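Heads up, the thing below is written out as structure tokens.
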Amino acid sequence: MKMNFFSAFFFLLVSLYPLPQILAKESNGHISVVILGATGDLARKYLWQGFFHHYMEQVTNGYSFSFYGGALAEADQGNPALFEILKGLRCPSEVDQQKCALLKEQFLKLSQYRQLRTAEQYSALHEEINTQLKQEELVEAGRLFYLSVPAFAYVEIAERINSSCRPTTGGWLRVVLEKPFGHDYDSAQSLAVDLEKYLRQDEMYRIDHYLGKQAVAQILPFRHDNAKLLYPLWNRHHVEKVEIILKETLDVKGRTQFYNQYGVIRDVIQNHLTEILMLIAMEIPYNVNDPQEVLGKKLKLYTNLQDLSRRSAVVGQYQNFNFEVKEELNKTVDYVSNTATFAGVAVYIENVQWDGVPFILTSGKALDERVGYARIVFRNPTFCVQNEEAMHCKLRQVIFYFGHGSLQHPAILVSKSLFKPILPSGWKEVTEYPELTLLGQPLSEYYIYTPVTQSEPYTILISLIFQGKHDSFVSTENLLASWKFWSPLLHSLSLHMPRLYPGGNDNNNFLDFELKGHELSFIQEPVVISSNIQDEISVDSFQITQGKYRQNEMVSAWAEELISRLSADLQKIAEESVKNSGQFHMALSGGSTPIALFQRLALHHYTFPWKKTHFWMVDERCVPLDDSGSNFKTLHDYLLQYIKVPYYNIHPMPVYLNQRLCVEEDSGAEAYEKEILKLVNDTSFDFILLGVGDDGHTASLFKNSKFEMHKDKLVALTESPSKPHQRMSLTFSAINKAKNITVLITGKAKHEMITQLSRVKDDAKKWPITAVKPTSGKLIWYIDYDALLG
Ligand SMILES: *[C@@H]1O[C@H](CO)[C@@H](O)[C@H](O)[C@H]1NC(C)=O
Ligand SMILES: *[C@@H]1O[C@H](CO)[C@@H](O)[C@H](O)[C@H]1NC(C)=O
Ligand SMILES: *[C@@H]1O[C@H](CO)[C@@H](O)[C@H](O)[C@H]1NC(C)=O
Ligand SMILES: *[C@@H]1O[C@H](CO)[C@@H](O)[C@H](O)[C@H]1NC(C)=O
């Protein structure tokens with residue numbers, strides 16, 4: 001037997017105390033554990049302690065073990081470093097201290113340091129394991145490799161494990177990986193593909209240590225055990241909002257190299273908080289311990305998540321961050337990092353259960369307190385006429401409290417106004433508590449359960465790895481689904497500077513944000529740093545000006561002002577029409593210009609007569625309605641989905657008929673014309689919104705078209721010159737009969753066109769927009785200052 005530092009230490013001890021026979025005689029097999037990155041931070045803080053804990057439990061079950069601490073350093077450095085860590089292992093308070101002390105000595109004896117740098121060193125390790133098995137006549141149960149190393153090293157290590165360290169005698173191989181697993185969808189996918197060359201799916205255990213937190217691991221069982229009471233409540237009719245919060249007081253000093261590349265969303269929201277969202281919102285599996293079923297339900301929920309837009313999130317960066325990055329990464333003075341250290345994100349789920357319920361995911365560094373929880377807030381349908389202090393009048397919530405914060409331990413809290421939940425096994429009810437208010441309620445108003453013994457997540461997860469249970473680990477499909485969801489937001493945020501915040505208690509309510517529609521914004525204006533630009537713009541230039549453009553009325557202002565004026569005018573026209581005829585028929589254009597108008601209408605016009613409003617399309621691309629190029633989809637995504645309109649008032653163009661797009665024989669244009677004739681009095685729309693393309697086209701009426709061919713039609717198939725796509729469009733005959741026509745033009749890019757257009761004579765062939773001439777209605781140009789002044 002090789003004499004190393006530990007065995008020397010051990011022999012010293014056994015010579016003082018005779019070793020009792022704790023080892024079981026019958027062997028269930030031998031397990032070799034290899035921790036790579038054995039002297040790193042994570043291993044020091046959690047992994048060795050977790051393995052020691054597991055060793056204490058399993059050694060009595062007849063398993064034997066050897067532990068290898070692997071790292072890059074040579075043995076004469078690695079050995080003492082590892083010994084320092086092992087010496088510090090703690091005996092949990094609930095176990096027999098004397099027995100534990102002896103087991104610790106055994107554990108030290110079974111552990112040794114290995115330099116694992118080269119392929120030869122991996123092969124040598126393999127040989128040594130095999131020799132030991134042979135000499136001691138042990139049956140190999142399996143080998144566990146724990147990769148606590150930077151992600152760039154994963155593939156090389158996996159390759160070495162596959163080529164030289166696989167058990168040769170039928171034992172299992174399990175390889176544990178720590179995040180990050182990529183930094184977006186593409187990188188995660190390529191890492192997954194590379195790893196699959198060397199490891200089978202069932203051999204990989206991707207750790208998300210949040211899944212080992214006791215209150216997190218209890219979410220599904222809690223939902224399952226209380227299904228009878230929860231089932232009627234766990235949905236959009238009863239849940240007002242769900243908050244999933246992870247706040248930290250620490251900054252990232254010392255880890256800016258990693259953090260500056262990743263930021264808060266990749267670091268904790270894409271993984272921990274998203275996993276928790278899954279556990280709360282997924283369909284409850286029939287068997288909560290069946291990893292395949294759990295995964296299936298999760299993946300299904302991923303497909304129901306509504307895409308995030310830039311405005312689904314608010315992001316911040318603590319003030320010192322940039323300074324720390326510059327210092328640690330030797331950046332130049334003018335370096336500016338736009339990595340977010342704080343984020344709040346509103347996630348929506350498009351299914352019958354959760355439609356419209358905001359799931360707010362929030363995390364940040366340098367905040368006022370360290371705490372993590374998920375909170376499901378229910379609506380209270382009770383109206384309390386008297387005695388508002390009665391329990392049934394109070395706040396109703398379920399809280400999964402992960403730890404820290406004012407409670408200091410994991411817990412499940414359920415408002416007494418809701419119901420008394422079933423006590424999970426291994427948990428106890430807390431009946432004596434400090435006088436403390438937690439999330440709006442005194443502790444006395446909750447049923448509170450807490451684990452009988454608190455365990456470290458790593459200890460729990462390591463035990464699950466030994467049991468070969470995959471359900472608390474992140475599968476490849478799960479991982480990729482999450483990255484697919486988060487990557488577009490991450491990409492759009494990369495072009496955006498986060499709001500700076502002072503950090504700690506100084507943040508006050510500076511990071512508070514609010515939800516409007518499905519969008520988030522900070523409630524406070526950022527502190528504006530004075531700049532010359534601010535001084536140069538005079539107050540006057542914010543005013544709306546009126547004038548003439550091409551002999552018609554023109555309204556002009558900065559874009560935001562212009563849009564609010566237009567939406568107000570539109571509401572006036574709508575109310576007028578409803579008063580006169582009981583209905584309001586408007587036809588809208590697509591493209592990006594009207595999006596701001598749609599948003600404004602969705603968020604600020606609660607009294608708009610939507611129920612009497614009919615939505616028609618000015619034109620449409622020949623693509624399916626759910627294609628991102630569809631004008632109807634833009635209208636739907638930015639306006640229709642937020643307002644209440646009767647379905648039969650919505651009239652998308654029938655571009656898709658008989659399973660094909662815009663084919664003449666299918667008579668889509670004729671069908672739309674018939675519908676207009678049926679519903680629009682005198683085929684005269686009350687309002688038409690038009691835009692103008694850079695080439696002067698409007699609706700889908702392009703240059704050099706034979707407009708005279710559809711003189712007698714209201715709707716026609718047309719051809720765009722730049723793209724082969726066909727279009728469907730209202731004709732000039734239909735447009736010019738309208739009562740109010742608005743042409744909306746915004747943005748600097750349109751300046752040149754605006755200038756030219758102001759000079760040209762009417763000429764439909766060259767400038768189709770000049771053929772817009774209402775027969776008896778009114779045409780108004782709405783042009784913003786950017787387009788008008790350049
Ligand atoms: C591991 O290596 C062997 C060759 O040594 C190869 O055939 C196999 O495909 C590799 N990957 C897995 C997952 O076994
Ligand atoms: C920054 O510079 C210092 C001193 O020159 C050096 O020790 C350190 O390794 C550098 N750090 C990085 C990330 O380049
Ligand atoms: C329909 O249009 C005609 C002609 O423009 C008009 O006289 C009539 O009042 C309109 N009817 C309604 C119900 O608006
Ligand atoms: C809308 O059209 C009607 C009829 O042409 C006209 O009287 C009215 O002034 C227009 N409304 C606006 C706001 O321009």
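Going left to right, the sequence shown walks through residues 1 to 790 as the UniProt record's numbering numbers them. The beta-carbon is built from N, C-alpha and C at its ideal position, and this holds for glycine as well. All values derive from a computational prediction rather than experimental measurement.
{"Asked": "Pair every Cβ in the segment 571-591 with every Cβ in the segment 611-626, then say whether three or more of these pairs are closer than 8 Å.", "Found": "yes"}
{"Asked": "From this set, K773, K765, R759 and I745, which residue's C-alpha is nearest Y785's C-alpha?", "Found": "I745"}
{"Asked": "Run through the DSSP bridge pairs and tell me what residue 871 is partnered with.", "Found": "The structure shown does not extend to residue 871, since the chain is modelled only from 1 through 790, so no value can be given for it."}
{"Asked": "Taking the alpha-carbon of K394 as reference, which of K420, G316 and E445 has the nearest alpha-carbon?", "Found": "E445"}
{"Asked": "Alpha carbon to alpha carbon, how far is P180 from A151?", "Found": "6 Å"}
{"Asked": "Would you mind reading off the limits of the alpha helix (DSSP H) that contains Y302?", "Found": "P291 to N304"}
{"Asked": "Hey, F466 and Y205: beta-carbon distance below 7 Å or not?", "Found": "no"}
{"Asked": "Taking the alpha carbon of Y401 as the reference point, which residue from A217, V692 and V314 has its own alpha carbon closest?", "Found": "A217"}
{"Asked": "Let me know the secondary structure DSSP gives T770 once reduced to three states.", "Found": "helix"}
{"Asked": "State the Cα-Cα distance for the pair S530 and R499, rounded to the nearest angstrom.", "Found": "Because S530 carries a pLDDT of 30, less than 50, the predicted location of this residue cannot be relied on, and the following value inherits that uncertainty. Looking at the two C-alpha atoms, the distance is approximately 16 Å."}
{"Asked": "Based on DSSP bridge pairs, tell me the residues matched to I783.", "Found": "S556 and I745"}
{"Asked": "State the Cα-Cα distance for the pair K331 and N260, rounded to the nearest angstrom.", "Found": "12 Å"}
{"Asked": "Assuming L89 and Q58 form a contact by the criterion Cβ under 8 Å, report the distance between their Cβ atoms to the nearest whole angstrom.", "Found": "L89 to Q58, Cβ: 16 Å. No contact."}
{"Asked": "Over what stretch of residues does the alpha helix (DSSP H) that includes V176 continue unbroken?", "Found": "V176 -> not in any alpha helix (DSSP H); beta strand (DSSP E) instead, spanning W172 to E178."}
{"Asked": "Which residue wins for smallest C-alpha separation from T683, given the options L714, K297, E665 and K703?", "Found": "L714"}
{"Asked": "Who are the near neighbours of C100 in its chain, counting only those whose CB is closer than 7 Å to its CB and skipping five residues on each side?", "Found": "M56 and C91"}
{"Asked": "Would you kindly report the start and end of the unbroken alpha helix (DSSP H) that includes T256?", "Found": "T256 to V264"}
{"Asked": "Sorted by chain position, which residues of the same chain lie with C-beta nearer than 6 Å to W172's C-beta, five sequence neighbours on each side aside?", "Found": "G142"}
{"Asked": "Between K773 and ligand 4, is the CB less than 6 Å from at least one heavy atom?", "Found": "no"}
{"Asked": "Out of S630, Y458, N287 and M753, state which residue places its alpha-carbon closest to the alpha-carbon of H697.", "Found": "M753"}
{"Asked": "Bridge partners of E324, per DSSP?", "Found": "According to DSSP, which records beta bridges pairwise, E324 is partnered with nothing at all."}
{"Asked": "Any chance the CB of D686 is under 6 Å from a heavy atom of ligand 3?", "Found": "no"}
{"Asked": "Beta carbon of I244, beta carbon of L211: below 7 Å?", "Found": "no"}
{"Asked": "With respect to 6 Å, is the separation between the Cβ of Y198 and the closest non-hydrogen atom of ligand 1 below this value?", "Found": "yes"}
{"Asked": "Let me know the secondary structure DSSP gives I284 once reduced to three states.", "Found": "coil"}
{"Asked": "What are the boundary residues of the alpha helix (DSSP H) that R223 is part of?", "Found": "I219 to D225"}
{"Asked": "If you scan the segment 655-712 from start to end, which runs of the beta strand (DSSP E) of 3 or more residues do you find wholly inside it?", "Found": "687-690"}
{"Asked": "Give the DSSP-derived three-state secondary structure of residue 822 in the structure shown.", "Found": "Since the first and last residues shown for the chain are 1 and 790, residue 822 lies out of range."}
{"Asked": "State the Cα-Cα distance for the pair R379 and Y348, rounded to the nearest angstrom.", "Found": "18 Å"}
{"Asked": "Under 5 Å from any heavy atom of ligand 3, by CB: list those residues in chain order, please.", "Found": "S581, N681 and D682"}
{"Asked": "Under 6 Å from any heavy atom of ligand 4, does the C-beta of K579 make it?", "Found": "no"}
{"Asked": "How close, in whole Å, do the beta carbons of L68 and G29 come, if the pair is a contact with beta carbons under 8 Å?", "Found": "Strictly speaking, residue 68 in this sequence is Tyr, with Leu absent from that position. Between G29 and Y68 the Cβ distance is about 17 Å, and since that is not below 8 Å, they are no contact."}
{"Asked": "Considering only the alpha carbon of each residue, which of Q571, G170 and D225 lies closest to F608?", "Found": "Q571"}
{"Asked": "To the nearest angstrom, how far is the alpha carbon of N649 from that of I688?", "Found": "16 Å"}
{"Asked": "Going along the chain, which residues of its own chain have a beta-carbon closer than 8 Å to the beta-carbon of S27, five neighbours each way excluded?", "Found": "G62, Y63, S64, L138 and V139"}
{"Asked": "CB-CB under 8 Å to G254, same chain, minus the five flanking residues each way: which ones, in chain order?", "Found": "E328"}
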